[in-house]
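**Student:** Everything in the sequence shown is counted per the working numbering, starting at 7 for the first residue and increasing by one.
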Amino acid sequence: MTTNARPYANSYWVEPGRLLAGEYPGDWPASAMRQKLQLVLAAGVTFFLDLTHPNDPLQPYAPVLQQMSKAYARPAVYQRMAIVDLNVPSVAQMVQTLALIEEALAECGVEVITGDGAAAVDAQGVTTASGLRIESNTVIWTAGARAHPLAAQIAGEHDRLGRVVADAFLHATAAPGIFVTGDVAHAATDDAGNVAAMSCQHALSLGRVAGYNAAAELVGLPLHPYRQPKYVTCLDLGPWGAIFTEGWDRQVQMTREVAKSVKREINTKWIYPPAPDRTAAFAVANPDYVIVP
Ligand SMILES: Cc1cc2nc3c(=O)[nH]c(=O)nc-3n(C[C@H](O)[C@H](O)[C@H](O)COP(=O)(O)OP(=O)(O)OC[C@H]3O[C@@H](n4cnc5c(N)ncnc54)[C@H](O)[C@@H]3O)c2cc1C
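1) Given this structure, state the Cα-to-Cα distance separating K275 from P35, to the nearest angstrom.
2) Could you check if H154 belongs to the surroundings of ligand 1, using beta carbon to heavy atom distance under 7 Å?
3) Name the DSSP bridge partner or partners of G162?
4) What do you reckon, are the CB atoms on V118 and V145 nearer than 8 Å?
5) Thinking L167 and A153 are a contact (beta carbons under 8 Å), I'd like their distance in whole angstroms, please.
6) Starting from E141 and walking both ways along the alpha helix (DSSP H), at which residues does that stretch end?
7) Quick check: what's the CA-CA separation for G346 versus S267?
8) Excluding the 5 residues preceding and the 5 following V2 in the sequence, name in chain order all residues of the same chain whose CB lies nearer than 6 Å to its CB.
9) Under a Cβ-count criterion, where at least 16 other Cβ atoms within 10 Å of its own Cβ denotes burial, should Q259 be classed as buried or exposed?
10) Would the beta-carbon of R214 fall within 8 Å of that of P293?
11) So, helix, strand or coil for M204, using DSSP?
12) Is the beta carbon of A6 less than 8 Å from the beta carbon of T187?
13) To the nearest angstrom, how far is it from the Cα of A158 to the Cα of V20?
14) First and last residue of the alpha helix (DSSP H) that includes R262?
15) I want to see whether chain C comes within less than 8 Å of D242, judged by CB atoms only; does it?
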C-alpha cells in the first residue's frame, strides 16, 4: 500500500498502510461509489472484506470494484463475511468457515484423511490403522496438550488436562501461597463459563496477573482479578493465507493475506518480550494490559 492518509472521511488505518477500516463504500449514485472506490484503490488497498449481509439494503459495489481495479497492477480481491449485529452464528455460518479452511487446504495441496489412526511411524513415513501408507521425510504428530507433570504436585482440584484449578486471583485454590499461571492454570476468562486455553494469548495475560498478585500479596496490596473476555484465533494456512476469528464461537473476521499479515504481526511482535527498556517492560507488565484490543 502506498499512503497512510485516510482515503475518505469515515475510514481509518487500523494498521497504517496495511489494514484500512471504513464505512461501506457502496454509495449511491454510482458516481459517488466510483469516487470512493477510486480513493481506496489509489491508497493501495488490494483486498476488500465486506462485513454486510446481502439482504442489507445497500448498493453492491463488488462488480464496480472488480472492473475499476483492472487498471491497477494487482486486481482487487473481494470477499464477503457477513456479521449480523448481536447474532449467534448459525450452523450454516460455521459450515462456511470450515469450507474456507477446506478451500485453503485444497489450494495448498493438503489432503485430509479422517476416521483412520496412525499405526506406525518410521524414517520414510506413516502407516495408518487401515493399512494406508503415506511416504514422508517429516512426520508431525499433534495429539493434544497436557499440563506439565509438576502441576500434579500442587494440592487441590485439577482439570482433565492436568491444570490446577485457580480462583479469580490465580491462587491455587487448595494450596495457600501458590499462584498458578499459563499452561498449568485452569482459570475462568469471563462470567460466561469460558476458561483460558493453553495458548500464548492466555499465557501472556495470566502471567501478568499472577506475577502482579504474587508480589502484591507479599507486600499486602490489593490483588488484581484475572479477566480476559476477548478471545481470538489466527490460523495459518500456508500460502493460502490465514483465518482470523473473534469470539469463542470463532466468527471469521479476516481471511487470506489480510489475516496472514496479522499472523506475522502476532509471531514477530505480539508474543515477543518487550524491548529491553524499563518503561516498555513496565507498560506491558501492567495487569490491565490487553494484548488483543
Ligand atoms: C508446538 C507448539 C505450537 C504452539 N502454537 C501455538 C499457537 O500457534 N498459538 C498459541 O496461542 N499457542 C500456541 N502454543 C501454546 C503456547 O506455546 C503455550 O500455551 C504457552 O507458551 C504457555 O506459556 P507458559 O508460560 O505457561 O509455558 P511455557 O511457555 O511452556 O514456559 C514454561 C517454561 O518453564 C520451563 N520449565 C519447565 N520445567 C521447569 C523446571 N522444573 N524448572 C524450571 N523451569 C522449568 C520451560 O523450559 C519453559 O521455559 C503452542 C505450543 C506448542 C508446543
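We treat Cβ as the ideally placed atom computed from N, Cα and C, and that holds for glycine. No experiment lies behind these values; they were computed from the predicted model shown.
**Tutor:** Working from what's here:
1) 43 Å
2) yes
3) Paired residue(s): none; G162 is not in a bridge.
4) no
5) 6 Å
6) Where E141 is concerned, there is no enclosing alpha helix (DSSP H), although the beta strand (DSSP E) it sits in stretches over R139 to E141.
7) Lying before the first or after the last residue shown, residue 346 is absent from the chain, which here runs from 7 to 299.
8) No statement about residue 2 is possible, as the shown extent of the chain runs from 7 to 299 and does not include it.
9) buried
10) yes
11) coil
12) Past the boundaries of the shown model lies residue 6; the chain is included only from 7 to 299, so the question cannot be answered.
13) Going from the Cα of A158 to the Cα of V20 covers about 44 Å.
14) R262 to E271
15) Absence of chain C from the displayed structure is noted, only one protein chain being present.
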